[in-house]
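Quick mapping for you: the protein sequence lines, in order, are chains A and B.
Here the first sequence is numbered in the working numbering, starting from 121 and rising by one per residue.
Here the second sequence is numbered in the working numbering, starting from 245 and rising by one per residue.
These notes are about the structure you will find just below.
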Amino acid sequence: GENVEQHPSTLSVQEGDSAVIKCTYSDSASNYFPWYKQELGKRPQLIIDIRSNVGEKKDQRIAVTLNKTAKHFSLHITETQPEDSAVYFCAANTGGFKTIFGAGTRLFVKA
Amino acid sequence: GAGVSQTPSNKVTEKGKYVELRCDPISGHTALYWYRQSLGQGPEFLIYFQGTGAADDSGLPNDRFFAVRPEGSVSTLKIQRTERGDSAVYLCASSLTGAEEQYFGPGTRLTVT
Numbered sequence: 121g122e123n124v125e126q127h128p129s130t131l132s133v134q135e136g137d138s139a140v141i142k143c144t145y146s147d148s149a150s151n152y153f154p155w156y157k158q159e160l161g162k163r164p165q166l167i168i169d170i171r172s173n174v175g176e177k178k179d180q181r182i183a184v185t186l187n188k189t190a191k192h193f194s195l196h197i198t199e200t201q202p203e204d205s206a207v208y209f210c211a212a213n214t215g216g217f218k219t220i221f222g223a224g225t226r227l228f229v230k231a
Numbered sequence: 245g246a247g248v249s250q251t252p253s254n255k256v257t258e259k260g261k262y263v264e265l266r267c268d269p270i271s272g273h274t275a276l277y278w279y280r281q282s283l284g285q286g287p288e289f290l291i292y293f294q295g296t297g298a299a300d301d302s303g304l305p306n307d308r309f310f311a312v313r314p315e316g317s318v319s320t321l322k323i324q325r326t327e328r329g330d331s332a333v334y335l336c337a338s339s340l341t342g343a344e345e346q347y348f349g350p351g352t353r354l355t356v357t
């Protein structure tokens, strides 16, 4: 079955710096890759997503890149702010719509 | 409009008891997911409904877990003979058709003593 690996598990950056989180997936049938942000005690919320027919997508300070050949995708956050501090999850959705999440990256943005 | 809601928000039960967790998805969403999230982990897929049918139940850990969605809207996750290892936050999510953004509910925190 599908397996999603996410790195790093913890990331600490200075305010204004960039943060990069990387994920790999195993099922080549996966075609939808969302990223969710979860603040402490809250529900996960989608921040950006990408489909397999696109290599890159950007939304203001957030961008996602996808390499289908290598089966990996990455989240890039530029000009980080303290309110970006949270846990970020990548996920892979197969053609059957089963969604597998990574273990998460805890991002700390130091003011 | 109203988002995904889940009841109860917290449930404490004794080992061996039966529990039911309820999910009300966003109106009109045909796809509904159940996940289990343990502390410090990502949501673990349990089951996915498309309409009334369970399209994929491969994530249910064993036959003590069962879920239904009889009218294609509200879903109930049922756990028999609860064990301490079942303690976690159970999240429900819905999406319009299944191939796009999932909207999560606030979760039910289940504690088995």
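We put the CB at the ideal spot given by N, CA and C, even for glycine.
Note that the structure is a prediction, hence the values are computed from the model and not measured.
Integer-rounded CB distance, given that residue 252 of chain B should sit under 8 Å from residue 317 of chain B
Residue numbering aside, residue 317 of chain B sits at position 73 when the second sequence is read from its first letter. Residue numbering aside, residue 252 of chain B sits at position 8 when the second sequence is read from its first letter. The distance from the Cβ of residue 317 of chain B to that of residue 252 of chain B is about 19 Å, inconsistent with a contact at the 8 Å cut-off.
DSSP three-state call for residue 202 of chain A: helix, strand or coil?
Counting from 1 along the first sequence, the entry for residue 202 of chain A is found at position 82. Note: residue 202 of chain A maps to helix in three-state DSSP.
Residues of chain A with a CB under 7 Å from the CB of residue 350 of chain B: which are they?
Taking the second sequence and counting its residues from 1, the one referred to as residue 350 of chain B is at position 106. Correct list: 163.
Just by C-beta distance, which residues in the segment 328-339 of chain B are closer than 9 Å to chain A?
Contact annotation: in the segment 328-339 of chain B, residues whose CB is within less than 9 Å of a CB in chain A are 335, 337, 339.
Which runs of the beta strand (DSSP E), 3 residues or longer, sit entirely within the segment 251-335 of chain B?
Considered as a whole, the segment 251-335 of chain B harbours 254-257, 263-268, 275-281, 288-294, 297-300, 309-312, 319-323 as its complete beta strand (DSSP E) runs of no fewer than 3 residues, in chain order.
With contact counted as at least three CB pairs below 8 Å, one residue from each stretch, are the segment 252-261 of chain B and the segment 290-304 of chain B in contact?
In short, these stretches do not touch, since the Cβ pair count stays below three.
Cα-Cα separation between residue 248 of chain B and residue 273 of chain B, rounded to whole angstroms:
Against the second sequence, residue 248 of chain B aligns to sequence position 4. Against the second sequence, residue 273 of chain B aligns to sequence position 29. In this model, residue 248 of chain B and residue 273 of chain B are separated by some 10 Å (Cα to Cα).
Evaluate the contact criterion for the segment 140-155 of chain A versus the segment 163-172 of chain A: three or more CB pairs, one atom per stretch, below 8 Å.
Taking 8 Å as the limit for Cβ pairs, the verdict is that the segment 163-172 of chain A does touch the segment 140-155 of chain A.
For the 8 Å Cβ check, are there 3 or more pairs between the segment 139-146 of chain A and the segment 200-212 of chain A?
Counting Cβ pairs under 8 Å, three or more are found: they touch.
With distances taken between CB atoms, is the gap from residue 207 of chain A to residue 225 of chain A smaller than 8 Å?
In the first sequence, the residue the question calls residue 207 of chain A occupies position 87. In the first sequence, the residue the question calls residue 225 of chain A occupies position 105. Going by C-beta atoms, residue 207 of chain A is nearer than 8 Å to residue 225 of chain A.
Any chain B beta carbon closer than 8 Å to residue 193 of chain A:
As a position in the first sequence, residue 193 of chain A is number 73, starting the count at 1. No, because no Cβ of chain B sits closer than 8 Å to the Cβ of residue 193 of chain A.
Coarse secondary structure for residue 248 of chain B, derived from DSSP in three states
Working through the second sequence from its first residue, we reach residue 248 of chain B at position 4. Residue 248 of chain B: coil per DSSP, three-state reduction.
By how many angstroms is the C-alpha of residue 320 of chain B removed from the C-alpha of residue 275 of chain B?
In the second sequence, counting from the first residue as 1, residue 275 of chain B sits at position 31. In the second sequence, counting from the first residue as 1, residue 320 of chain B sits at position 76. Distance between the alpha carbons of residue 275 of chain B and residue 320 of chain B is about 14 Å.
Verify whether the separation of the beta carbon atoms of residue 126 of chain A and residue 223 of chain A is less than 8 Å.
What you label residue 126 of chain A is simply residue 6 of the first sequence in a count that begins at 1. What you label residue 223 of chain A is simply residue 103 of the first sequence in a count that begins at 1. A Cβ-Cβ contact shorter than 8 Å links residue 126 of chain A with residue 223 of chain A.
Candidates A/227, A/183, A/193: closest to residue 202 of chain A by CA position:
For this step, residue 202 of chain A is matched to residue 82 along the first sequence. Considering only alpha carbons, the answer is A/227.
Chain-ordered chain B contacts of residue 62 of chain A [CB-CB under 9 Å]
Past the edges of chain A, shown from 121 to 231, lies residue 62 of chain A, and the structure says nothing about it.
Between the C-alpha atoms of residue 246 of chain B and residue 230 of chain A, what's the straight-line distance to the nearest angstrom?
Taking the first residue of the second sequence as position 1, residue 246 of chain B is located at position 2. Taking the first residue of the first sequence as position 1, residue 230 of chain A is located at position 110. Going from the Cα of residue 246 of chain B to the Cα of residue 230 of chain A covers about 35 Å.
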